[in-house]
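Below is one structure, written out as structure tokens, with a few remarks after it.
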Amino acid sequence: MYTNDIHGYFFPKKSKLTKETYEVGGMEYLSSYASILRSEFKNFIWLDGGDIFQGGFETKLSNGTLMTKYFNYENISASTIGNHEWDFGQNYLKDRLKESNFPYIVSNIFSTSMKSNKVFENQITYKIFNINEIKLGVIGVTTLYTKNTTKGDLHGIKIIEYEDIIKQYTKLLRNEFNVNAVILLFHGGLICKNNNKTKNILELKLWNVNNSNNYCDGYGELDIFLKNYFKDVNDNKNVSDESKIDLILSAHTHAPNHYFFNYLPVVANINNGKYFSVVYLSFDDDGKLNANDVNIESPIPVCSEVFSEVKQCDLKTLRNKYDFYGEMRKFSFHGITIEKNNFVQDEFIFFRNLTKQYENMKIIKIDSDLYTDKLKETPLGNFLADFMRNYTNSDVAIVNSGVCRSMWQKGMVNGKMVEDMFPFEDTITTVLMTGKELIKTLETIQTGSNQIFEVSNLIQFMDRKKKKLINVTFSDGSLIDENKEYKIAVTYFLLPNYGDEFNGIKSFYPHVKNLELHGDYTPIIFHHLQEMKEFNVKDYYNDKKLRMNFV
Ligand SMILES: [Zn+2]
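Okay, so the sequence shown: first residue is 39 according to this note's numbering, each after it adds one.
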């Protein structure tokens, strides 16, 4: 069983996207799946790909222990360290690792003295699982972009290139320990160029090398690794047997994936515990892995009910991909209907009560009513854009006001009001664009036809009649250099998903450059508002110096 990027989403979330109310995600449901698999297969292990405890409110309030306690409860086999595990500092990470009764397998995190790649207690470089006569060797590495994608302090820590390390440990496992298969936990993701061609990636079934024509022509961290590790992508023989990897469990980019790279199965799940996968490995009598007979059951939906036609519940993923989803029905997994595991619910009731308290928690005092307006800039929209730019240290930020779904009246805002304002799960991302691409992007999205995008560090002039952007500079009046590359902060929905008007930029910006994920939007905003204590409109809105001017 494989999970990744659960990001602290312990409790199911009520879906607000259809008329019917149902629950999406939630460890109370995930646990029921694990029970089914455990009773069905004696040879069951559960691996997790990292980014466990940073995210959902419930883990923020519990300092992340909610997820480690849950994984302890499930007795999972191992996890690895994702970039967001660092977000709250090294002591916090140390505590989470210490309280876990499962190991964190990662071999490219060193102390700067480079003496050891066992920085934390409970961080190990490999683990061998003895399952009857079969020995499974598991190794792990984490993203080289950790420092760009965590707010946490990496002082004294060095995360190093992993290709040689992977080879080294794979050889060790094969030559010294005679393992029957090597599994690589890779917290660093895939970014595929061919998203539209792999539409059936969301179809739940048993995928194997014979029926899967999915592939990933990508430029993400894992794609680059795969292309280097297997120099000639058409010839698996270039990798010596002793450095052969049999399964890659990937994470980090929050995109669903399952495909075979020259027989090498690669699996990744969508974030926030909404999906997981099961990989079935079979061995012949001499313990040789049957590469032809590796099956990936994916993506398995975690929810109270699924749409019967598509066996999924997360409309955010489904949107625009199918015309008809079917009726909502409870999901049957291996012949057993999925219900909440009530025992998990009872066991973690303390945390549930804790999250109820946050609803009344005083978060921030605002000096004026706040709302967004699709057709003009607002203090709230400007604040969001400024916040995203500062948080990610970007040159420019662009945000769709659609992320805000409520209004706040002057006075005190509480936790419930924050959640109502930002009900959607989205991730803050950054990409690189040349000045030319940035200008073309603004010209494409800022037509005013459906919405005005809120920005940070730009001054724009639009011809309202012609619905055309006629001029744009930086806030200080300086020009955008067409040839220079700028770092742009957006949300995952806009890029790399090309949502809303960003769909129109595909023609000249067909795939994102240097994508970085900076964490889950709502909890980060929540935390930031809490620290601000007071919101003064004048800090974000100046009618003498508007960011969008209509002429
Ligand atoms: Zn990550």
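Where is the CB? At the ideal position from N, CA and C, for every residue including glycine.
(message) Using the three-state DSSP reduction, which class does Val62 fall into: helix, strand or coil?
(response) strand
(message) Just to confirm the assignment, what range does the beta strand (DSSP E) spanning Gln498 have?
(response) 496–501
(message) Within 8 Å, do at least three Cβ pairs link the region 365–381 to the region 66–80?
(response) yes
(request) Indicate whether Leu174 and Ile203 have their beta-carbon atoms separated by less than 9 Å. (result) no
(message) Does the distance between the C-beta of Thr118 and the nearest non-hydrogen atom of ligand 1 fall short of 8 Å?
(response) no
(message) Assuming contact is defined by CB atoms lying nearer than 9 Å, are Ser53 and Leu85 in contact in what I supplied?
(response) no
(request) Would you be able to state if there are at least three C-beta pairs under 8 Å between the region 101–113 and the region 141–157? (result) no
(message) Ser346 and Met366 - do their beta-carbons sit closer together than 9 Å?
(response) yes
(request) Indicate whether the contact test is met: 3 or more Cβ pairs, each with one atom in the region 567–575 and one in the region 471–481, closer than 8 Å. (result) no
(request) Note down, in chain order, each residue of its chain lying with its Cβ closer than 6 Å to the Cβ of Glu49, except the 5 sequence neighbours on either side. (result) Per the sequence shown, residue 49 should be read as Phe rather than Glu. So the list reads Gly64, Glu96, once near-sequence residues are dropped.
(message) By the three-class DSSP mapping on this structure, what secondary structure does Asn375 have?
(response) The residue asked about is misnamed: residue 375 is Thr in this sequence, not Asn. Here Thr375 sits in strand by DSSP.
(request) Label Lys326 either buried or exposed according to how many other C-beta atoms from any shown protein chain fall within 10 Å of its C-beta, with 16 as the threshold for buried. (result) exposed
(message) Just to check my reading of the structure: His549 and Tyr257 have Cβ atoms closer than 8 Å, yes? What is that Cβ distance to the nearest angstrom?
(response) 7 Å
(request) Could you name the residues whose beta carbon sits closer than 7 Å to any heavy atom belonging to ligand 1, keeping them in chain order? (result) Asp43, Gly88, Asp89, Gly120, Asn121, His122, Thr181, Thr187, His225, Ala289, His290, Leu555
(request) Check whether the Cβ atoms of Glu539 and Met471 lie closer than 9 Å to each other. (result) no
(request) Go ahead and label Leu413 buried or exposed: buried means 16 or more other beta carbons lie within 10 angstroms of its beta carbon, across all protein chains shown. (result) exposed
(request) Determine which residues share a DSSP beta bridge with Glu335 and list them. (result) Leu244, Val316
(request) Verify whether the separation of the beta carbon atoms of Gly46 and Asn307 is less than 9 Å. (result) no
(request) Compare the Cα-Cα distances from Ser315 to each of Phe321, Phe386, Asn333 and report the closest residue. (result) Asn333
(message) On the CB-based measure, 16 or more other CB atoms within 10 Å of its CB, does Gly515 come out buried or exposed?
(response) exposed
(request) Using three-state DSSP, classify Gln489 as helix, strand or coil. (result) coil
(message) Run through the DSSP bridge pairs and tell me what Thr479 is partnered with.
(response) Looking at the DSSP assignment, Thr479 forms no beta bridge with any residue, so it has no partner.
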